[in-house]
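What follows is a set of notes on a single structure, which appears directly below.
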Amino acid sequence: MERVRAYAGLISALAAGSLLLALPPAAQGKTGAPAPLSVAWPTASKAALPATLPDKTPYEPTLFLDANTSVGTAPTPDNKSLRLLIRTKTEKVLRTLPSTANPSFQSVTVAGGTLGWFERTDKGGLQLWTADLKTGAVRQVTADTGLARFYRSDNDLVIADGRFRWVASGPRDTTEVRSVALAGGPVEVRPEPGSWRFTGWPWLVDGATSTTGATTLRNVVTGQDVKVKTTRKAATDCSPTWCQVVSLDEDGFSRIELMRPDGSARVDVAGDTANTEIVDVAPLGKFEIFVRIDANSELTGNAELLMYEIATHRTVQVSPDAGQIAYRNGVLSWSTGNLETFVRHSLDLRTIH
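Each residue of the sequence shown is one higher than the one before, counting from 24 in this note's numbering.
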């Protein structure tokens, strides 16, 4: 039901969990339907995988290395531990934590042959760990993580210039830009006044706690600030190259636009019952990912998953009925089916040409 709740937050006219939408005619039977994925991008790398492992335990992918290879979590068959593992045609366990410690694995990231992630337990708190994808060696990098912030973004944990990088809450309304060498060692902390998050190295974007969103992009290497062209009565979020502007039209339906941070190259992406679905704006600088809510969404919790291709100005239907939508490391993933029986799908956006 996540897409329904997100749309409700935008419209702010829904009552007590019910999708009280009067769908516009365009949402009920629109002509000129988006091109199906198989027609638009027939050579793109994609895959489908069962929701369970061969040992019958439920598998939750958190990062795809490619369309067929993922990193995710699954309990052990006896449910006494939680595993972090790499799944291809076989499974390779990286870490196992006891279920009694209430474990979690967060913000898995990858660069080259280095995998990184945060893990949390009741006794150990939050720690940063890494694995060498070639040798399989796993080790702790640091427990000095600060009050790390998580936005469900591909940039919550970044590997760049030989260091792990993330942001944390600092004192007196500041953001701590933290980093540590891949090999470990002391954590460097750089305070930035205000609320910031990474939006693609080496850029930060502000507005994470503001209802109107981003106003500034900041390069943490050069110190350069880029002011964002804001729009009244709209929520703006930015990557270094594109900004997403979400507002309501005269009829009270959503409107999604893209523009350059300076306000140029502004283009309509979608309207009616469309809603943004992922945190990251314009993945790879090429696409905008969104969903379209219909009358069946309240019953299924799923929605039509679509992608807008910036270069061609065309919209492609990825799935007519998608749930559990996520994006990380250039790969879009989603599920089809219901909570009892479903299949996971992946699409490597890096293979779309």
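For every residue, glycine included, the Cβ atom is placed at its ideal position computed from N, Cα and C.
Please read all numbers here as calculations on a predicted model, not as lab measurements.
In the structure shown, what three-state DSSP assignment does residue i receive?
i                 : result
alanine 71        : strand
proline 306       : helix
serine 320        : helix
serine 358        : strand
valine 62         : helix
leucine 46        : In this prediction, leucine 46 has a pLDDT of 40, which is less than 50 and means its spatial position is unreliable; what the coordinates show is noted afterwards. Note: leucine 46 maps to coil in three-state DSSP.
leucine 372       : helix
asparagine 242    : strand
glutamine 247     : coil
glycine 236       : strand
phenylalanine 173 : coil
arginine 255      : coil
arginine 315      : strand
glutamate 199     : strand
alanine 204       : strand
glycine 159       : coil
threonine 165     : strand
glycine 185       : coil
alanine 56        : coil
In chain order, what residues of the same chain have a beta carbon less than 6 Å from the beta carbon of residue i, not counting five sequence neighbours either side?
i              : result
threonine 197  : Pro214 and Pro216
asparagine 125 : Asp145
tryptophan 224 : Val181 and Ala183
valine 249     : Leu240 and Pro284
alanine 166    : Gln150
alanine 257    : Val268 and Ser270
valine 231     : According to the sequence as given, residue 231 is alanine; it is not valine. The answer, listed in chain order, is Ser218 and Arg220.
aspartate 291  : Glu280
alanine 297    : Ser277, Ile279, Phe313 and Arg315
By how many angstroms is the C-alpha of residue j removed from the C-alpha of residue i?
i                 : j                 : result
glycine 353       : lysine 146        : 34 Å
threonine 377     : leucine 329       : Examination of residue 377 is not possible in this model, given that the chain is present from 24 through 376 alone.
alanine 334       : lysine 309        : 7 Å
isoleucine 301    : isoleucine 312    : 7 Å
serine 277        : leucine 86        : 30 Å
leucine 362       : asparagine 325    : 11 Å
arginine 255      : alanine 90        : 40 Å
aspartate 78      : tryptophan 64     : 34 Å
arginine 373      : glutamate 83      : 22 Å
serine 61         : serine 356        : 16 Å
phenylalanine 128 : glycine 139       : 10 Å
proline 100       : threonine 153     : 25 Å
serine 320        : methionine 282    : 29 Å
alanine 56        : glutamine 163     : 50 Å
threonine 113     : arginine 351      : 22 Å
glycine 185       : leucine 271       : 43 Å
alanine 349       : serine 369        : 9 Å
alanine 160       : arginine 118      : 11 Å
alanine 134       : leucine 156       : 10 Å
arginine 315      : tyrosine 331      : 12 Å
valine 243        : serine 262        : 14 Å
alanine 70        : proline 98        : 23 Å
phenylalanine 192 : glycine 169       : In the sequence on display, residue 192 carries serine and not phenylalanine. The alpha-carbon atoms of serine 192 and glycine 169 are separated by roughly 7 Å.
glycine 286       : cysteine 266      : 8 Å
histidine 376     : histidine 336     : 14 Å
proline 194       : phenylalanine 141 : 22 Å
aspartate 344     : alanine 204       : 42 Å
glycine 208       : serine 202        : 10 Å
glutamate 273     : aspartate 317     : 20 Å
arginine 110      : asparagine 178    : 22 Å
leucine 227       : valine 304        : 13 Å
valine 94         : lysine 115        : 9 Å
Please report the Cβ distance between residue i and residue j, rounded to the nearest whole angstrom; I am assuming they are in contact, meaning their Cβ atoms lie under 8 Å.
i              : j                 : result
threonine 323  : serine 342        : So it is not a contact: roughly 12 Å between Cβ atoms.
leucine 108    : threonine 144     : With 8 Å as the limit, leucine 108 and threonine 144 do not qualify as a contact, their Cβ atoms being about 18 Å apart.
alanine 58     : glutamine 340     : 7 Å
leucine 151    : phenylalanine 187 : 6 Å
leucine 180    : threonine 132     : 5 Å
valine 190     : valine 200        : 6 Å
arginine 106   : threonine 96      : 6 Å
isoleucine 279 : threonine 264     : In fact, because the Cβ distance is near 17 Å, the residues do not count as touching under 8 Å.
arginine 367   : leucine 76        : Their Cβ separation, rounded to whole angstroms, is 12 Å, which puts arginine 367 and leucine 76 out of contact at 8 Å.
serine 130     : asparagine 102    : About 24 Å; that fails the 8 Å criterion.
Looking only at its own chain, which residues have a Cβ that is under 7 Å from the Cβ of residue i, when we skip the five neighbours before and after it?
i             : result
threonine 253 : Thr235, Thr238 and Thr259
glutamate 229 : A small fix is needed here, since residue 229 is aspartate in this sequence, not glutamate. Around aspartate 229: Gly217, Ser218, Trp219, Ala237, Thr238 and Thr239.
I'd like to know if residue i contacts chain B, where contact means its C-beta is closer than 8 Å to some C-beta of that chain.
i             : result
glutamate 300 : Note that chain B does not occur in the displayed structure, where there is just one protein chain.
Can you list, in chain order, the residues of its chain with a C-beta nearer than 8 Å to that of residue i? Leave out the 5 residues immediately preceding and following it.
i             : result
glutamine 247 : Arg241
Taking only runs that begin and end inside the region 258 to 308, name each unbroken beta strand (DSSP E) of 3 or more residues, in chain order. 266 to 271, 277 to 282, 290 to 293 and 297 to 299
Runs of 3 residues minimum, wholly inside the region 79 to 156: which ones carry the beta strand (DSSP E) assignment? 83 to 89, 92 to 98, 104 to 110, 114 to 121, 127 to 134, 137 to 144 and 148 to 155
Minimum length 4: unbroken alpha helix (DSSP H) runs contained in the region 207 to 233: none
Unbroken stretches of the beta strand (DSSP E), 3 residues or longer, contained in the region 327 to 356: 337 to 351
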